[in-house]
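Q: Sharing a structure, written as structure tokens. Questions coming.
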Ligand SMILES: [Zn+2]
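Numbering (this note's numbering), first residue to last: 144 to 342.
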């Protein structure tokens with residue numbers, strides 16, 4: 144016996160999510176069937192709205208309802224520092240820490256020869272352009288993860304930017320090798336920003 148089409152389709156959709164196999168997808172689909180109508184509507188609305196109402200900030204690459212994003216629009220933030228992160232999620236982590244008041248730039252990945260990801264596959268050229276046009280930026284803090292790819296990306300960015308006379312620093316103490324920004328606690332991150340070193 145096959146599942147009725149609506150549930151079969153829902154299972155298929157759940158299976159498109161990362162780390163979800165057919166067993167979990169089936170469990171989630173049946174769980175959805177048991178949910179209140181209101182909760183399911185809310186869920187469906189957020190799914191659609193996430194795609195429809197969000198855009199990418201044309202300056203920093205953050206996700207936003209309005210372009211430029213809230214952070215880029217906020218003139219009270221320190222316009223001289225740009226903290227470079229791998230993913231949008233990392234901005235939220237940094238903002239939770241509340242110690243950094245500068246601007247951000249989202250690379251949307253890291254250089255990875257194994258995955259065939261080169262400089263043109265991540266947002267490096269937009270960073271360079273931004274530095275060329277916005278002369279108030281004097282420091283770029285590279286906050287890529289402490290993985291080999293993250294380190295290589297940081298060094299690559301440093302080599303590109305330094306000749307322009309911009310200070311390039313890297314998050315320091317506290318972040319253990321191989322760790323992701325995403326999993327660091329606020330205290331550790333705060334220390335890492337404070338103890339950043341020039342590269
Ligand atoms: Zn922005």
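For every residue, glycine included, the Cβ atom is placed at its ideal position computed from N, Cα and C.
For a quick check, are the C-beta atoms of residue 193 and residue 200 less than 8 Å apart?
A: One-based indexing of the chain shown puts residue 193 at position 50. One-based indexing of the chain shown puts residue 200 at position 57. Cβ distance not < 8 Å, so residue 193 and residue 200 don't count as in contact.
Q: Would you say residue 287 and residue 329 are within 8 Å of each other, going by their C-beta atoms?
A: Numbered from 1 along the chain shown, position 144 holds the residue referred to as residue 287. Numbered from 1 along the chain shown, position 186 holds the residue referred to as residue 329. Cβ atoms of residue 287 and residue 329: not closer than 8 Å.
Q: So which of 327, 342, 339 has the shortest CA-CA distance to residue 234?
A: Here residue 234 refers to the residue found at position 91 when the chain shown is read from its first residue. Selected option, being the one with the closest Cα: 327.
Q: Give me the DSSP bridge partner(s) of residue 278.
A: Against the chain shown, residue 278 aligns to sequence position 135. Answer is none; residue 278 lacks a bridge partner.
Q: Could you tell me the alpha carbon to alpha carbon distance between residue 170 and residue 155, rounded to whole angstroms?
A: Within the chain shown, the letter at position 27 stands for residue 170. Within the chain shown, the letter at position 12 stands for residue 155. Each residue's Cα considered, the two are about 12 Å apart.
Q: Count the other CB atoms within 10 Å of the CB of residue 146; is the residue buried (16 or more) or exposed (fewer)?
A: One-based indexing of the chain shown puts residue 146 at position 3. Classification for residue 146: exposed.
Q: Should the stretch 241–249 be called in touch with the stretch 215–223, which here means at least 3 C-beta pairs below 8 Å?
A: With the cut-off at 8 Å, the stretch 241–249 and the stretch 215–223 touch.
Q: Can you give the Cα-Cα distance for residue 241 and residue 188, rounded to whole angstroms?
A: Residue 241 sits at position 98 when you count from the first residue of the chain shown. Residue 188 sits at position 45 when you count from the first residue of the chain shown. Between residue 241 and residue 188, the C-alpha separation is close to 31 Å.
Q: Is the separation between the beta-carbon of residue 283 and that of residue 304 shorter than 8 Å?
A: Within the chain shown, residue 283 is the residue found at index 140, counting from 1. Within the chain shown, residue 304 is the residue found at index 161, counting from 1. Their beta carbons are under 8 Å apart, which means residue 283 touches residue 304 by this criterion.
Q: Ligand 1 and residue 214: does the residue's C-beta get closer than 7 Å to at least one heavy atom of that ligand?
A: Here the question's residue 214 lines up with position 71 in the chain shown. Indeed, a heavy atom of ligand 1 lies less than 7 Å from the Cβ.
Q: Sorted by chain position, which residues of the same chain lie with C-beta nearer than 8 Å to residue 269's C-beta, five sequence neighbours on each side aside?
A: The sequence position of residue 269 within the chain shown is 126, counting from 1. 204, 248, listed in sequence order.
Q: Output the distance between the C-alpha atoms of residue 198 and residue 148, rounded to the nearest integer angstrom.
A: Within the chain shown, the letter at position 55 stands for residue 198. Within the chain shown, the letter at position 5 stands for residue 148. Approximately 33 Å, taken between the alpha carbons.
Q: Indicate the three-state DSSP secondary structure (helix, strand or coil) for residue 253 in the structure shown.
A: Your numbering for residue 253 matches position 110 in the chain shown. Three-state result, residue 253: coil.
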